[in-house]
Amino acid sequence: MTPEERKIEKENKIIRAALVSFEEKGIEATSIRDIMSRTDLGLGTFYLYFRDKKDLEEKIVLDIMMELTYSVESKCKEKDLKKRLISFFDYIIDHLINNPLELKLISSNLNWALYAKVENDNRFKEAETTLHFILNKYSNLFPTIVSYEERLFIMSLIIKIVLSTCESALKNDSVLGIDEMKPVLYKVVDRVIG
């Protein structure tokens with residue numbers, strides 16, 4: 001195994017341990033010590049890969065979002081861009097409803113600060129961000145007078161609306177289920193895009 005492969009293996013070991021601990025103890029209640037106790041690595045090894053627990057959460061979110069985005073996009077078969085975008089979000093919603101830990105991680109970490117971090121952090125330079133990927137796929141839905149930056153902002157708002165809809169549907173006291181929320185959500189998305 002090359003040094004780079006060993007580095008990736010250790011990072012993945014930390015990520016897997018974090019996910020197990022997050023699932024068992026909750027994200028907030030999990031400490032770095034909890035995570036590292038689930039590995040055969042020393043506590044200090046954590047800091048070779050991540051600055052702090054928030055940095056680890058953000059890395060997990062970016063990995064989930066990239067994998068989910070590419071996987072979901074390959075399932076979308078509609079030719080009409082609006083229908084394809086709705087189908088895209090439909091698959092994402094179904095996935096997140098069935099994976100509440102991923103939803104919680106994404107909802108609590110996906111924000112403009114993370115987008116800026118991705119743009120400016122060399123660790124993520126090789127990966128196209130989820131937001132850019134989605135925008136590049138669906139850019140033609142926007143009027144030409146809307147700038148690229150405005151499109152990014154609008155798409156980030158849509159993603160936030162999708163995430164909050166999923167969170168609302170999973171609440172114990174939710175009046176509506178996700179299947180009742182989807183049609184309303186898709187009307188909102190349609191109006192936001194124009």
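Mapping of the sequence shown onto the UniProt record's numbering: position 54 corresponds to residue 54, and the numbering continues sequentially without gaps. Yeah, the Cβ is synthetic: ideal placement off N, Cα and C, and Gly gets one too. Just so you know, these numbers come straight off a predicted model, no measurement behind them.
Just to confirm the assignment, what range does the alpha helix (DSSP H) spanning residue i have?
i           : result
K76         : Here the sequence assigns Cys to residue 76, which means Lys is not the residue at that position. Note, C76: premise wrong, no alpha helix (DSSP H); not H, not E.
residue 227 : Only positions 1 to 194 of the chain appear in the structure, and residue 227 is not among them; the question remains open.
F50         : Here F50 belongs to no alpha helix (DSSP H), and DSSP marks it neither H nor E.
K137        : T130 to Y138
M36         : I32 to S37
F22         : P3 to K25
I165        : Residue 165 is actually Thr in this sequence, not Ile. First-last of the alpha helix (DSSP H) with T165: Y148 to L170.
P100        : P100 to N109
With distance defined between alpha-carbon atoms, name the residue in the options nearest to residue i.
i    : options                  : result
M66  : S164, N140 and L110      : L110
I64  : K82, N172, K137 and L131 : L131
C166 : L56, D94, K59 and R16    : D94
V61  : I8, M1 and L105          : L105
E102 : K7, K13 and E23          : E23
F153 : D179, I193 and K82       : I193
L81  : R16, E150, L135 and S168 : L135
D40  : K83, C76 and K10         : K10
K79  : R151, V162, L96 and K137 : K137
From residue i to residue j, what does the alpha carbon distance come to, in whole angstroms?
i    : j    : result
D52  : I32  : 8 Å
I27  : E73  : 28 Å
V146 : N99  : 34 Å
L185 : S37  : 42 Å
E5   : V175 : 49 Å
V20  : I14  : 10 Å
S164 : S108 : 11 Å
D55  : A169 : 28 Å
P143 : A17  : 45 Å
G58  : M1   : At residue 58 the sequence reads Glu, which differs from the Gly that was named. So the alpha carbons of these two residues sit roughly 27 Å apart.
Can residue i be considered in contact with the ligand NAD, in the sense that its beta carbon sits closer than 6 Å to one or more heavy atoms?
i    : result
C166 : No copy of the ligand NAD appears in this structure; indeed no ligand is present at all.
### Task
Tell me, please, whether the stretch 177 to 193 touches the stretch 153 to 168 by the rule of three or more beta-carbon pairs shorter than 8 Å.
Output reads yes: the stretch 153 to 168 touches the stretch 177 to 193.
### Query
Three or more C-beta pairs closer than 8 Å, one from the stretch 83 to 91 and one from the stretch 24 to 44: is that the case here?
Short answer: they don't touch.
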